[in-house]
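Chains as they are written, first to last, in the numbering used here: chain A, 1 to 384; chain B, 1001 to 1384.
Positions of the beta carbon are idealized from the N, C-alpha and C atoms, including for glycine.
2 protein chains.
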Amino acid sequence: MHFNHYLLEGHTYFIAALNERLSALRAQGRDIISLIMGDPIEPTYPPVRDAVVAALQATEISQYPKNRGDGFYLEAVANWALRYYGQTFDPAKEILSCNGTKEAIFHVPLLFDWSQGQEIWIPSLSYPVYEASARTLGIPVKYLPLSAETGFLPDLDSFSAEEWQRCQLFWINSPHNPTTALADRAYFEKLLALAERYDFLVCSDECYNELYYTEQRPASCLEIDSPRWLVFRSLSKRSHMTGYRMGALISRNHEVIRLLGKLREPIGVGTPTFIQQGAVTAWNDDQHPRDFAVGYRRKRDLISTALKAAGCEVFGAQAGFYLWFSHPHCSSSEALLQGFIEAGLLITPGTAFGSDGEGYARLTYCVTQEIAEEVARRAAQVKL
Amino acid sequence: MHFNHYLLEGHTYFIAALNERLSALRAQGRDIISLIMGDPIEPTYPPVRDAVVAALQATEISQYPKNRGDGFYLEAVANWALRYYGQTFDPAKEILSCNGTKEAIFHVPLLFDWSQGQEIWIPSLSYPVYEASARTLGIPVKYLPLSAETGFLPDLDSFSAEEWQRCQLFWINSPHNPTTALADRAYFEKLLALAERYDFLVCSDECYNELYYTEQRPASCLEIDSPRWLVFRSLSKRSHMTGYRMGALISRNHEVIRLLGKLREPIGVGTPTFIQQGAVTAWNDDQHPRDFAVGYRRKRDLISTALKAAGCEVFGAQAGFYLWFSHPHCSSSEALLQGFIEAGLLITPGTAFGSDGEGYARLTYCVTQEIAEEVARRAAQVKL
């Protein structure tokens, strides 16, 4: 038996590696607050849980969920998009459910034929699933350099026509994990024009889009009339529902949605109907993400002030729940990590997201207010 | 953009195609009972639902589920295997959870490298996901002929050493969908010896294993000491939990489990923790599948007697909840299907599972007792 080469490589999903380090430190009796997981530890929007319980109590007989999502769920997503963006989507032809966006991100490359050397383009600092999916499937990846100079967005002018011609799937994630960079509408429009010219699909992972601290909400492909985007939206962050596994795929390209539906049928990624019933409650309400954002903003201010007091430079931080930062004394992420561990804080070294992350680190502030205050106390005393 | 060739082919997942036919017939005012879906319409084992509700009510804060399964879930599977088979498995090294076996079946070929022309071997009549997965991933498939003469099991003596050398993954499904054929222990042992000699993995889909009507339970790889099998077990049929999406992967091959765990990490196929908590209740009880089997056996007897009265030949039917049958007057499955539609019953033509199904059809009896009685009345009057 010959195993998949990618699985045989020594790499470990960075969270697993950091958690091992955390266990070792705690085994030594060290008091460490872990700030590595983007997994909210505040309550799910309460009506969701009540609705799931009620749906379960009404479900004596369990039946297979629909892979593309039940009609009532797809309608709720369409209603949300209409309310929130003023855009009309056809639930039957333009929306699919997903069992959390992680699985949908992993599977989307299977939509395409890759036999002609086409590539998947991925920002050099990224949510690791884009790369894990491409590498597991043996698809060539092009890593797009990111730096503070480019505002941590790929420089779309830096690639030649010959390079663009090999692109078949372009990953963009705004608000960006890990750097919090925001693509504005002009950036999306430019990218979509390139997609039209060079015949590729823009996969826009917008899972942090409803947690923002600016007056204007972040730009979204959903507002741009083009058949060249496929948008991934999630309830995980928006409604604190990471453990429910529920999201949506949206596109104006009917062929993309039709073939994605066909692809996903035998994969069996339908979400239990009782969870879809609860999720409707989440999509139907636009206020709770705003309320959550008020709390996150307070924690961001607290911790980011402390980081600056310790001499760190903090980038962006206008959306999501991450802080991306560096320190003039640290040219390596490992040095940053060591300094924070000394102060009792576990952060994620920027290199966990790619080599362009050297010298940076990511910290999550999706923690309780009490922990955020302790994090700020410790962060202010970090010696680097 | 070049789409995946397999998705562009005209094929439709057979249930979707038959459901379209059903809608058309009902739109004409026809009274049709559909017997095509293997989706139990009797209640889930009740303590499961209560346990899921209790778990949800205790879960104010939702967190990502563990992809490999929570420790308490893996322990429950290990305890079941020890009680039921007298076999000890290490939950940390020999068991993984899955989000229903469908997704696990779809994903398992990704465990391997296929660049040397290795093949996936699939019985010519099969659960369609084995083929859909291989074809979506572009892996060569070898279809193994099945017939009444071979008891609807592949004839392991009919392949040359040269052929076996190309096999890397062998799908076996016993009790078999759609034919209900049972592989006995000797068959499994012979297959596993071939796997050892020719270096392949036997993927044993045993999702119907606990619904049987013989004195002895069906054979399982779990009872055979070999590192050459990977077993797929499901709560869908055993505990009437199709809508909860919960199963387990078991192997004595630690490298297979380790790499599968690694493969499945970025796919994000963890099942919500509150569902795992309920599922433990299902694995902890061995009596309810026996009770369910009593009901299924009664329905099987009723409907199979009626089919025989109409002149059909019924095969196997010692396990699962399908009847696989033919009729001396019908050389085509379409003729069988037409005759049954005339009598108000929708069945699945054998050809939906592969060309060796020509002249056969499958009917599910996972229906209520009341419907089973009506099905028997109609089946006895089928004119072929």
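(request) Measure the C-alpha to C-alpha separation of B/L1302 and B/F1159 and round it to an integer number of angstroms. (result) Taking the straight line from one Cα to the other gives about 40 Å.
(request) Using beta-carbon positions only, say whether B/L1201 and A/M1 come within less than 8 Å of one another. (result) Result yes, Cβ atoms of B/L1201 and A/M1 sit closer than 8 Å.
(message) Checking the sheet assignment: what are the DSSP bridge partners for A/I61?
(response) Residue pairing from DSSP leaves A/I61 without any beta-bridge partner.
(request) Mark B/H1107 as exposed unless 16 or more other C-beta atoms lie within 10 angstroms of its C-beta, in which case mark it buried. (result) Under this definition B/H1107 is a buried residue.
(request) Give the residues from the stretch 236-253 of chain A that approach chain B closer than 7 Å (Cβ to any Cβ), ordered along the chain. (result) The stretch 236-253 of chain A vs chain B, Cβ under 7 Å: H240, M241, T242, G243, Y244, R245.
(message) Helix, strand or coil, according to DSSP, for B/K1142 in the structure here?
(response) The answer is strand: DSSP assigns B/K1142 an E or B state.
(request) Write down the C-beta distance between B/K1299 and B/V1256 rounded to the nearest angstrom, noting that I regard them as a contact closer than 8 Å. (result) Your pair B/K1299 and B/V1256 does not check out as a contact, with CB atoms roughly 38 Å apart and the cut at 8 Å.
(request) Using alpha carbons as the reference points, say which of A/V48, A/E42, A/P109 lies closest to A/F274. (result) Of the candidates A/V48, A/E42, A/P109, the one whose C-alpha sits nearest the C-alpha of A/F274 is A/V48.
(message) If contacts are defined as beta-carbon pairs under 8 Å, then A/Y45 and A/H240 qualify, I think. What distance do you get, rounded to the angstrom?
(response) Rounded to whole angstroms, the Cβ separation of A/Y45 and A/H240 is 6 Å, and the two are in contact under 8 Å.
(request) Evaluate contact between the stretch 10-24 of chain A and the stretch 340-352 of chain A, counting only Cβ atoms and requiring at least three cross-stretch pairs below 8 Å. (result) Taking a contact to require three or more Cβ pairs closer than 8 Å, the stretch 10-24 of chain A and the stretch 340-352 of chain A qualify as touching.
(message) Can you give me the C-alpha to C-alpha distance between B/G1357 and B/K1308, rounded to a whole angstrom?
(response) Their backbone Cα atoms lie some 19 Å apart in a straight line.
(request) Kindly provide the ranges of any alpha helix (DSSP H) runs that are 4 or more residues long and lie completely inside the stretch 1267-1333 of chain B, ordered along the chain. (result) As far as the stretch 1267-1333 of chain B is concerned, its whole alpha helix (DSSP H) runs of at least 4 residues are 1273-1283, 1287-1309.
(request) Report the option in B/R1252, B/C1167, B/T1179 whose CA atom is closest to the CA atom of B/L1191. (result) Among B/R1252, B/C1167, B/T1179, the Cα nearest to that of B/L1191 belongs to B/C1167.
(message) Tell me the residue span of the alpha helix (DSSP H) that contains A/S133.
(response) For A/S133, the enclosing alpha helix (DSSP H) covers residues 128-136.
(message) Can you look up A/F159 in the DSSP assignment and give me helix, strand or coil?
(response) Under the three-state reduction of DSSP output, A/F159 falls in the coil class, being neither helix nor strand.
(request) Count the other C-beta atoms from every protein chain shown that fall within 10 angstroms of the C-beta of B/E1131, then say buried if there are 16 or more, exposed otherwise. (result) That one is buried.
(request) Note down, in chain order, every chain A residue with its Cβ under 9 Å from the Cβ of B/H1329. (result) Correct list: empty, because the minimum Cβ distance to chain A is about 34 Å.
(message) Can you confirm whether B/A1132, when its beta carbon is compared against all beta carbons of chain A, has any partner nearer than 8 Å?
(response) For B/A1132, a Cβ of chain A is located within less than 8 Å of the residue's own Cβ.
(message) If contacts are defined as beta-carbon pairs under 8 Å, then A/L153 and A/A183 qualify, I think. What distance do you get, rounded to the angstrom?
(response) Contact between A/L153 and A/A183 holds: CB atoms are separated by about 6 Å, below the 8 Å threshold.
(message) Quick check on B/E1358: does DSSP put it in helix, strand or coil?
(response) DSSP places B/E1358 in coil when its eight states are reduced to three.
(request) Taking C-beta pairs closer than 8 Å, name the residues in chain B that A/D434 reaches, listed in chain order. (result) The displayed coordinates of chain A run from 1 to 384. Any statement about residue 434 of chain A would go beyond what the structure contains.
(message) Please state whether the Cβ-Cβ distance between A/G354 and A/P175 is less than 8 Å.
(response) No, these two residues do not count as a Cβ contact at 8 Å.
(message) Looking at A/L263: is its Cβ nearer than 8 Å to the Cβ of B/L1363?
(response) No, these two residues do not count as a Cβ contact at 8 Å.
(message) Less than 8 Å between CB atoms is the rule here; does B/I1041 satisfy it with respect to chain A?
(response) Residue contact with chain A for B/I1041: present (Cβ-Cβ distance below 8 Å to some residue of chain A).
(message) So if DSSP puts A/T348 in a beta bridge, which residue, or which two residues, is it bridged to?
(response) Among the bridge pairs identified by DSSP, A/T348 is matched with A/R362.
(message) Per the DSSP calculation, A/F232 is bridged to which residue(s)?
(response) Checking the DSSP bridge columns, you'll see A/F232 partnered with A/D205, A/L249.
(message) To the nearest angstrom, how far is the alpha carbon of B/A1104 from that of B/C1098?
(response) Distance between the alpha carbons of B/A1104 and B/C1098 is about 6 Å.
(message) With distance defined between alpha-carbon atoms, name the residue in B/N1253, B/L1111, B/P1140 nearest to A/F3.
(response) Out of B/N1253, B/L1111, B/P1140, B/L1111 has the C-alpha closest to the C-alpha of A/F3.
(message) Just to confirm the assignment, what range does the alpha helix (DSSP H) spanning A/Q369 have?
(response) A/Q369 -> alpha helix (DSSP H) spans 369-380.
(request) Could you name the residues of chain A that B/F1106 contacts, counting a contact when the two beta carbons are closer than 8 Å? (result) Under the 8 Å cutoff, chain A gives P266, I267, G268.
(request) Label B/P1328 either buried or exposed according to how many other C-beta atoms from any shown protein chain fall within 10 Å of its C-beta, with 16 as the threshold for buried. (result) Exposed: under 16 other Cβ atoms inside 10 Å.
(message) Please give me, in chain order, every unbroken run of the alpha helix (DSSP H) with length at least 4 that falls completely inside the stretch 21-85 of chain A.
(response) If only uninterrupted alpha helix (DSSP H) runs of at least 4 residues are considered, those enclosed by the stretch 21-85 of chain A are 46-57, 71-85.
(message) Rounded to the nearest angstrom, what separates A/Y198 and A/Q165 at their Cα positions?
(response) So the alpha carbons of these two residues sit roughly 6 Å apart.
(message) Against A/Y369, what residues of chain B qualify as contacts under a CB-to-CB distance less than 8 Å, listed in chain order?
(response) Just to set this straight, residue 369 of chain A is Gln in the shown sequence, not Tyr. Scanning chain B for C-beta atoms nearer than 8 Å to the C-beta of A/Q369 yields nothing, as the closest lies near 14 Å away.
(request) Tell me whether the beta-carbon of B/P1109 lies closer than 8 Å to the beta-carbon of B/S1133. (result) Going by C-beta atoms, B/P1109 is nearer than 8 Å to B/S1133.
(message) Counting beta carbon pairs with one atom in the stretch 222-239 of chain A and one in the stretch 282-300 of chain A, are three or more of them shorter than 8 Å?
(response) Enough Cβ pairs lie closer than 8 Å, so yes.
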